[in-house]
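Chemist:
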Amino acid sequence: MKNIVLGGGCFWCIEAVFERLKGVIDTEVGYSGGKPNPSYESVCNGDGNIEVVKINYDEKQISLLEILILFFKIHDPTSIDKQGEDIGIQYRSIIFYENEEDKILAQNFIEEQQKIFSKKIVTKISRLQTYYKAENYHQHYFINNPDQGYCQAVIAPKLQKIQSD
Numbered sequence: 033m034k035n036i037v038l039g040g041g042c043f044w045c046i047e048a049v050f051e052r053l054k055g056v057i058d059t060e061v062g063y064s065g066g067k068p069n070p071s072y073e074s075v076c077n078g079d080g081n082i083e084v085v086k087i088n089y090d091e092k093q094i095s096l097l098e099i100l101i102l103f104f105k106i107h108d109p110t111s112i113d114k115q116g117e118d119i120g121i122q123y124r125s126i127i128f129y130e131n132e133e134d135k136i137l138a139q140n141f142i143e144e145q146q147k148i149f150s151k152k153i154v155t156k157i158s159r160l161q162t163y164y165k166a167e168n169y170h171q172h173y174f175i176n177n178p179d180q181g182y183c184q185a186v187i188a189p190k191l192q193k194i195q196s197d
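Shown next, in the form of structure tokens:
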């Protein structure tokens, strides 16, 4: 089993896509990259942390490359600190890696993707230093709250788009 931690907008959206994916063992939403011991409130107030999803996956069933390809389909890697109507540093596009092999793969992936994108890819690649699990009510949010307004307006259409691709 391996882990990768991704940030690319609201963590509810990213988690909703990856928790349905074959080969993904578990997902957990959290915070990384800022001040210690964050809360949702401190993150929203600019403590430097990013909303992220920790993806635990079986590399025999799904590769990191496949995960990154999907990640780039479900968020805009050319948008600085913004995804749709979600604006702020907590929504930046980032790949947190745990080992050099994953770092190199991510760098090569972004290099190749830049040939396709007309705008500059701003997704950062950074070693995972700290990770803090988000509050329980954020975990598996779409599964637990499918009828909530944000879920219906933002997450459900994203899932439909992925299923049709």
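Our numbering applies: residue 33 is where the sequence shown begins, and numbers increase by one. Ideal Cβ placement from N, Cα and C applies to all residues, glycine included. Only a predicted model underlies this, so the values are computations on that prediction, with no experimental measurement involved.
(1) Okay, do the segment 70–85 and the segment 108–127 touch, 3+ Cβ pairs below 8 Å being the bar?
(2) Reducing DSSP to helix, strand and coil, say where F149 ends up.
(3) Quick check: what's the CA-CA separation for G40 versus D108?
(4) May I have the straight-line CA-CA distance separating L53 from L102, to the nearest angstrom?
(5) Give the secondary structure of I127 by DSSP, where H, G and I count as helix, E and B as strand, and everything else as coil.
(6) What span of residues does the alpha helix (DSSP H) with K193 cover, start to end?
(7) Under 7 Å, do Y63 and E167 count as touching if we go by C-beta distance?
(8) Looking at the strands, I want to know which residues DSSP matches up with T155.
(9) Do the CB positions of F128 and L97 come within less than 7 Å of each other?
(10) Can you tell me which of the three DSSP states D51 falls into?
(11) Return the chain-ordered list of same chain residues with a C-beta closer than 7 Å to the C-beta of K165, the five sequence neighbours on each side being excluded.
(12) Determine, using beta carbons only, whether D90 and G55 come nearer to each other than 7 Å.
(13) Would you grab the beta carbon distance between V49 and I106 for me? Rounded to a whole angstrom, and I think it's under 8 Å.
Modeler: Working from what's here:
(1) Yes, the segment 70–85 is in contact with the segment 108–127.
(2) Reduced to three states, the DSSP call for F149 is coil.
(3) So the two alpha carbons sit approximately 8 Å from each other.
(4) L53 and L102: Cα-Cα distance of roughly 10 Å.
(5) It is a strand residue.
(6) Per DSSP, K193 belongs to the alpha helix (DSSP H) from A188 to S196.
(7) No. Outside cutoff.
(8) Paired residues: none, contrary to the question.
(9) No.
(10) For the sequence presented, residue 51 should be read as Glu rather than Asp. E51: coil per DSSP, three-state reduction.
(11) Contacts found: E60 and G62.
(12) Yes, the pair counts as a contact, with Cβ atoms nearer than the cut-off.
(13) Approximately 5 Å separates the beta-carbon atoms of V49 and I106; this is inside 8 Å, confirming the contact.
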